[in-house]
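S.K.: Residue 1 is where the sequence shown starts when you use UniProt numbering, and the numbers rise one by one after that.
Using N, Cα and C, we set each Cβ at its ideal position, and we do this for glycine too.
Before I ask anything, let me first share the structure, which is written out below as structure tokens.
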Amino acid sequence: MAYVVSRKPEQVWPFFSQHTDYIAEALNLMPNQSEHRYRQFETSQGIEVLSRFPTIPAQFVPRIMELALGENKTHRVSAQKLLETLPNIHLSAQEGLTSSKQEIRVTAIEWLARLNNPDSLPALNALLKKEKREVVRAALLTALEQLGEDISSYLSPKTLLAEAEKGLKAKPPASLAWFNFEAIPALTWENKKAVDPAIIRWWIILAVKLKMPGGNALLQRYISLLCVDSQHKLSSFILHTFVAQDIKGPTLEEAMAEAQQNAPSRLTQYKDWAKRYPEYYAKYETYTLEQVVEEIKNEVLRRYLGSAISDKGMLALICGIEGHIAVSVLRNYMRDHYQRRAQIEAMIDAVASSNDPIIIQLLLSLSRRYRTASVQEKARNLVTQIAERNGWSADELADRTIPTAGFDDSGTLVLEYGERTFTAKMDAKQKIVLFNPEGKEVKSLPAARKNDDPELIKEAKKLFTSSKKELKQVIELQSVRLYEAMCAQRQWLSADWQEYILAHPIMHKLIEQLVWQEVKEGEVINTFRPSDDGALLNLEDDEVTLQNDSLIQLAHAALVNEDERKAWIAHFKDYKVKFLFSQMEHKIPDLDLTQTEVEDRKGWITDTFTLRGILTKMGYQRGPAEDGGSFSHYYKFFSSLNYYVNIGFSGSYVPEENIPAVLFDLSFEKDQQNYWDRNNIELKQVPPILLAESYADYLKVAEACAGFDPEWEKKTPW
């Protein structure tokens, strides 16, 4: 059935209309007829087959309705979408509102909200009048607002406090025992009046019960009732509290105590290994007790005492977080705790409701490149949702949401410092330079004067600190984006490029370090570099004027002749400008383009740590672990092309030890496969710039090796 559903609809439904028993079997309406459990028809396949029919056969509608409103979440959404092709399906969905089971009522409410049929309003309002369960009431209010109902009467402080007091009478979730509600910061409403702490306490408990880190429209509405500063405070508090609990580990004292207790026996074991198997464990021959203590201590400190994932729902309340804070916390967490996939997915799901440019840029970067496939896929879906709600493509979304780090259109950061005004600008090295009111460069903001407003001083310092952090993040993310745009030969509409790239205070500084081309009707009509004064200069130092209906793309050594390539390198040298990344060095290699792999450095010897160091520095990630925890390649994913660039080697294990490594090959594929079962693409199908840059990476890895070893096959770990 899986093979059949991959075909065109007109090839599928006529066959199954004659063999409806197969569908019945997949939907568990009749016993399985297969003698082999791995050949059973699956429910998901049955739903997919039915979606190919012009209309759903009547005998299957009741079963699909069971799945649509059932307690099993696996097929719920796909079943609902299948039924949405039927007329008046909202009437059938409304039947779920009368269920005695809370989860089914919530499922029906959420489905009706998505159907967006105003005829369902009376049924939803009727349920709200008698519903007592807080989770169901939250779903009802969310649905009613989505359907255009005014729910403001349910959002007054008095009503919210009454709801909170009622909800707090029940016992909170046991998983929340660790949470210190007394530490919640004091908050105010938009009108600056204090928020009763009981309301916030209830919101947190309700959010945990809802288990939706991606947010519930009602919770987001609740947060919007707070003043902006309180939104920031609460969001930051919840995110930091969640992370602190999730990564909580033993104290240094506990780690040292365990290390000192266990080190002697482990050292004895190491010495025994070194004596019995010197070819594998010779390094342990000289190991000291202090080394083993340090080793065990570090192991204990890396140990998690628990997890906060059961309470991930509270993350729905961080929708008001400041972008630079969220990105900083997430980056640190993903770097140090990347194996906690569920937590990472919950956190990025939570921040995706924000339109903060720096958060969107983080999600875009994760959607292009991340070490865990499921996190990358999650980020891609979130980016798609953000683009859809704004009516943009993913690339347009990225261009329109590049953060400015507080810089105005002239590239100036203005800091109102009491009665004085300080300014900051980006220098040629992409660092922030600070100037006093007289225009003289200074290293830092001075101490406040006696008559300065303390709040203004505090805000100025906060702005300056956050701008420095945000600037660093923007430069890192956008440099990668521009490099991928070059490899993909992306073209911008000239008007868009001028508005969102050239006129952007940070992007302008970055694109000064690159060569660009103007293209019209498939022909390059200008090649230029933006200068620091805003002019677009060609090789003759003449100013270029762009046409509004042309296209703009990044130049590359593969797109210009040899004389132009050398001339641009000389131009950058004369102007003392450093290329943002290699743009005019890597020409298209002379390779057999009918091959699917490049192997001209196969057999070059190094070690796994050297290999890892150089490849990760170039943006490559470790390939998926295979059987036994081994992996045999590093890859770089180019999302705009849907290409994986793979550099293969003899292999290593997770966790890694430094063992001999042999460089193998360079290859390209569309879908990531097991390294030993690849579907590599012929080199002639690979975009030329991507081929040139990837081959240069392959050669750079070889340069880090010790050289070719004729007996390399004896040096592999298996």
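Which residues in the same chain as P437 place their Cβ atom closer than 6 Å to its Cβ, once the five residues preceding and following it in sequence are excluded?
M.R.: These residues qualify, in order along the chain: R420 and T421.
S.K.: State the CB to CB distance for the pair Q491 and I402, rounded to an integer number of angstroms; the pair is presumed to be in contact (CB under 8 Å).
M.R.: Their Cβ separation, rounded to whole angstroms, is 18 Å, which puts Q491 and I402 out of contact at 8 Å.
S.K.: For A405, collect the residues of the same chain with a Cβ closer than 7 Å to its Cβ; drop the 5 residues on either side in sequence, then sort them by chain order.
M.R.: So the qualifying residues of the chain are S467, E470, L471, V474 and I506.
S.K.: Express the C-alpha separation of A308 and I184 in angstroms, rounding to a whole number.
M.R.: Cα to Cα, the separation comes out at about 17 Å.
S.K.: Since L611 contacts F649 with CB under 8 Å, what's their CB separation in whole angstroms?
M.R.: Confirmed, Cβ separation roughly 6 Å.
S.K.: What first and last residue would you give for the alpha helix (DSSP H) that runs through I348?
M.R.: Start and end: R341 to V351.
S.K.: Per DSSP, D607 is paired with what?
M.R.: Its beta-bridge partners are P660.
S.K.: Among K578, E543, K587 and F581, which has the Cα closest to the Cα of D563?
M.R.: The candidate whose alpha carbon is nearest that of D563 is K587.
S.K.: Please classify V433: does DSSP put it in a helix, a strand, or coil?
M.R.: Three-state result, V433: strand.
S.K.: Does the contact criterion of 3 or more C-beta pairs under 8 Å hold for the segment 630-648 versus the segment 683-692?
M.R.: Yes, since at least three Cβ pairs between the segment 630-648 and the segment 683-692 fall closer than 8 Å, the two stretches touch.
S.K.: With a cut-off of 8 Å on the beta carbons, I'd call R369 and K192 a contact; round off their distance for me.
M.R.: No, R369 and K192 are not in contact; Cβ-Cβ is about 44 Å, not under 8 Å.
S.K.: Taking Y698 as the reference, which of P660, L141 and M618 has the closest Cα?
M.R.: Out of P660, L141 and M618, M618 has the C-alpha closest to the C-alpha of Y698.
S.K.: What residues are listed by DSSP as bridge partners for S667?
M.R.: The partner list for S667 (beta bridge, DSSP) reads E597 and N646.
S.K.: Taking the CB atoms as reference points, tell me whether A661 and T606 lie closer together than 8 Å.
M.R.: Their beta carbons are under 8 Å apart, which means A661 touches T606 by this criterion.
S.K.: Using a Cβ-Cβ cutoff of less than 7 Å, which residues in the same chain neighbour Q102 once the five nearest sequence positions on both sides are dropped?
M.R.: The answer, listed in chain order, is R133, V135 and V136.
S.K.: Excluding the 5 residues flanking P89 on each side, which residues of the same chain have their C-beta closer than 8 Å to its C-beta?
M.R.: Rather than Pro, the amino acid found at residue 89 in this sequence is Ile. Contacts found: L83 and L115.
S.K.: I need the boundaries of the alpha helix (DSSP H) containing N526, first residue and last residue.
M.R.: Looking at the DSSP string, N526 is not in any alpha helix (DSSP H); the run it does join, the beta strand (DSSP E), is E523 to P530.
S.K.: What separation, rounded to the nearest whole angstrom, lies between the Cα atoms of L225 and M212?
M.R.: Rounded to whole angstroms, L225 to M212 spans 20 Å at the Cα level.
S.K.: Quick one: Cα of D229 to Cα of I204, how far?
M.R.: So the two alpha carbons sit approximately 18 Å from each other.
S.K.: Taking the beta strand (DSSP E) that K425 belongs to, which residues open and close that run?
M.R.: Where K425 is concerned, the enclosing beta strand (DSSP E) stretches over R420 to M426.
S.K.: Taking the alpha-carbon positions, what's the Y304 to F242 distance?
M.R.: Distance between the alpha carbons of Y304 and F242: 14 Å.
S.K.: Of the choices A704, E295 and E48, whose alpha-carbon is the least far from that of R601?
M.R.: Comparing Cα positions, the closest option is A704.
S.K.: Would you call the segment 290-303 and the segment 313-332 touching, i.e. three or more CB-CB distances under 8 Å?
M.R.: Not touching, per the Cβ criterion.
S.K.: When you compare each of N216, C227, D311 and G214 to P172 by their alpha carbons, which one comes out closest?
M.R.: If we check each option's Cα against that of P172, D311 comes out closest.
S.K.: With distances taken Cα to Cα, identify the nearest neighbour of G320 among A274, H504 and D356.
M.R.: The option with the nearest alpha carbon to G320 is D356.
S.K.: To the nearest angstrom, how far is the alpha carbon of D671 from that of F638?
M.R.: Approximately 11 Å between the Cα atoms of the pair.
S.K.: Please classify F464 as buried or exposed, where buried requires at least 16 neighbouring CB atoms within 10 angstroms.
M.R.: Answer is buried; the Cβ neighbour count reaches 16.
S.K.: What's the gap between the Cα of residue 719 and the Cα of V49?
M.R.: Residue 719 cannot be examined here, being either before or after the span of the chain that is shown, 1 to 718.
S.K.: Assuming Q513 and F579 are in contact, meaning their beta carbons sit under 8 Å apart, how far apart are those beta carbons, in whole angstroms?
M.R.: Right, their Cβ atoms sit about 6 Å apart.
S.K.: So what's K443 in DSSP terms, helix, strand or just coil?
M.R.: Three-state DSSP puts K443 in coil, outside helix and strand.
S.K.: Using the Cβ count rule (16 or more neighbours within 10 Å means buried), how would you classify H633?
M.R.: Buried, because 16 or more other Cβ atoms sit within 10 Å of the Cβ of H633.
S.K.: Based on DSSP bridge pairs, tell me the residues matched to L226.
M.R.: Bridge partners of L226: W189.
S.K.: Identify, in the order they occur along the chain, each residue of the same chain with its Cβ nearer than 6 Å to the Cβ of E285, setting aside the five sequence neighbours on each side.
M.R.: Around E285: A274.
S.K.: Could you check where the alpha helix (DSSP H) with L362 kicks off and where it finishes?
M.R.: Segment P357 to R368, the alpha helix (DSSP H) holding L362.
S.K.: Quick check: what's the CA-CA separation for A26 versus E42?
M.R.: Those two C-alpha atoms are separated by around 5 Å.
S.K.: Tell whether a beta-carbon distance below 8 Å holds between A164 and A198.
M.R.: Taking 8 Å as the Cβ cut-off, A164 and A198 qualify as a contacting pair.
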